[in-house]
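Have a look at the structure below, then the notes.
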Amino acid sequence: MRGGPPLVLASASPRRSECLRMLGLSFTVYPSEVAEDVRPGESAEEHVERLARDKAAHVAALHPSAAVIGGDTVVTLEGDILGKPSGPQDAVAMLTRLAGRTHEVASGLALVMPSGVVRSGVSTTQVTFRLFSEEFARAYVATGEPMDKAGAYGIQGLGAALVTEIHGDYYSVVGLPVPLLVKLFEACGLEYTFPS
Numbered sequence: 099m100r101g102g103p104p105l106v107l108a109s110a111s112p113r114r115s116e117c118l119r120m121l122g123l124s125f126t127v128y129p130s131e132v133a134e135d136v137r138p139g140e141s142a143e144e145h146v147e148r149l150a151r152d153k154a155a156h157v158a159a160l161h162p163s164a165a166v167i168g169g170d171t172v173v174t175l176e177g178d179i180l181g182k183p184s185g186p187q188d189a190v191a192m193l194t195r196l197a198g199r200t201h202e203v204a205s206g207l208a209l210v211m212p213s214g215v216v217r218s219g220v221s222t223t224q225v226t227f228r229l230f231s232e233e234f235a236r237a238y239v240a241t242g243e244p245m246d247k248a249g250a251y252g253i254q255g256l257g258a259a260l261v262t263e264i265h266g267d268y269y270s271v272v273g274l275p276v277p278l279l280v281k282l283f284e285a286c287g288l289e290y291t292f293p294s
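Read in order, the letters of the sequence shown are residues 99 to 294 in the working numbering.
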């Protein structure tokens with residue numbers, strides 16, 4: 099990025115860091131400590147955008163001279179929000195529920211500038227899983243990969259073996275919708291430039 103403030107990622111997610119590195123951006127990581135509770139009546143889109151804004155604002159208060167990126171991702175099926183699994187049994191239950199079906203992934207992003215300007219948005223993507231057995235789900239959970247991921251899978255890793263179709267932004271499913279991030283940069287007067 100040309101001539102902008104330092105970037106801070108308000109997330110401990112290795113996937114979000116990987117996406118920023120892929121874009122050639124220099125940044126530091128400072129995870130937020132915002133509770134990820136769903137509010138009554140809150141849609142998945144409202145939930146992830148609110149959390150992205152809250153996380154970015156929390157970290158921006160500690161890093162007032164930085165542009166702070168906050169993000170949150172959830173999986174929804176039949177109106178139910180599936181966040182990170184609480185344990186292995188929960189992960190298996192989520193995966194067997196998603197098997198053979200199409201679900202939606204909502205990723206919210208927020209950018210808080212040193213001036214106090216805040217821009218945010220949401221990217222949604224439909225993902226279809228192949229039909230698989232509970233034993234297959236247990237074997238995947240035993241790898242440990244799904245335990246820190248919304249919906250209990252990582253599309254960028256072993257979880258790719260679960261997926262048959264995707265409609266939308268792949269990086270939204272990973273946890274950092276790149277096209278939305280570039281749009282937020284532009285909305286805040288920052289120019290993304292390709293690394294040389």
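Beta carbons: idealized from backbone N, C-alpha and C, even for Gly.
All values derive from a computational prediction rather than experimental measurement.
From which residue to which residue does the beta strand (DSSP E) around histidine 201 run? The residue given as residue 201 occupies position 103 in the sequence shown. Start and end: 200-210.
Residues that DSSP places opposite valine 225 in a beta bridge: Counted from its first residue, the sequence shown places residue 225 at position 127. Answer is His201 and Ile264.
Option nearest threonine 126 by Cα separation, candidates Asp152, Val166 and Ser270: Position 28 of the sequence shown, counted from the start, is the residue given in the question as residue 126. That would be Val166, whose Cα lies nearest to the Cα of threonine 126.
Reference proline 186, options Ala258, Leu282, Glu232 and Glu284, closest by Cα: Stepping through the sequence shown from its first residue, residue 186 is reached at position 88. The residue with the shortest Cα to Cα distance from proline 186 is Glu232.
Option nearest aspartate 152 by Cα separation, candidates Ser141, Lys281, Ser163 and Asp135: Here the question's residue 152 lines up with position 54 in the sequence shown. When only C-alpha atoms are compared, the closest one is Asp135.
Between the C-alpha atoms of glycine 273 and proline 293, what's the straight-line distance to the nearest angstrom? Taking the sequence shown and counting its residues from 1, the one referred to as residue 273 is at position 175. Taking the sequence shown and counting its residues from 1, the one referred to as residue 293 is at position 195. Whole-angstrom Cα-Cα distance: 22 Å.
Does DSSP put methionine 181 in a helix, in a strand, or in coil? Here the question's residue 181 lines up with position 83 in the sequence shown. For the sequence presented, residue 181 should be read as glycine rather than methionine. Glycine 181: coil per DSSP, three-state reduction.
Compute the beta-carbon to beta-carbon distance between alanine 204 and valine 271, rounded to the nearest angstrom, for a pair I have assumed lies under 8 Å. For the purposes of this step, residue 204 is taken as the residue at position 106 of the sequence shown. For the purposes of this step, residue 271 is taken as the residue at position 173 of the sequence shown. Not confirmed; about 10 Å, so no contact.
At what residues does the alpha helix (DSSP H) containing threonine 194 begin and finish? To locate residue 194, count along the sequence shown from 1; it is residue 96. First-last of the alpha helix (DSSP H) with threonine 194: 186-196.
According to DSSP, valine 106 sits in a beta bridge with which residue or residues? In the sequence shown, residue 106 corresponds to position 8, counting from 1. Answer by DSSP bridge pairing, in chain order: Thr126 and Val166.
Secondary structure of valine 172, DSSP reduced to three states: As a working note, residue 172 is residue 74 in the sequence shown. Three-state DSSP puts valine 172 in a strand.
Three-way DSSP call (helix, strand, coil) for arginine 217 in this model: By 1-based counting over the sequence shown, the position of residue 217 is 119. Arginine 217: strand per DSSP, three-state reduction.
Cβ-Cβ distance between glycine 198 and valine 220 below 7 Å: Locating residue 198 in the sequence shown gives position 100, where the first residue counts as 1. Locating residue 220 in the sequence shown gives position 122, where the first residue counts as 1. Contact flag unset, no.
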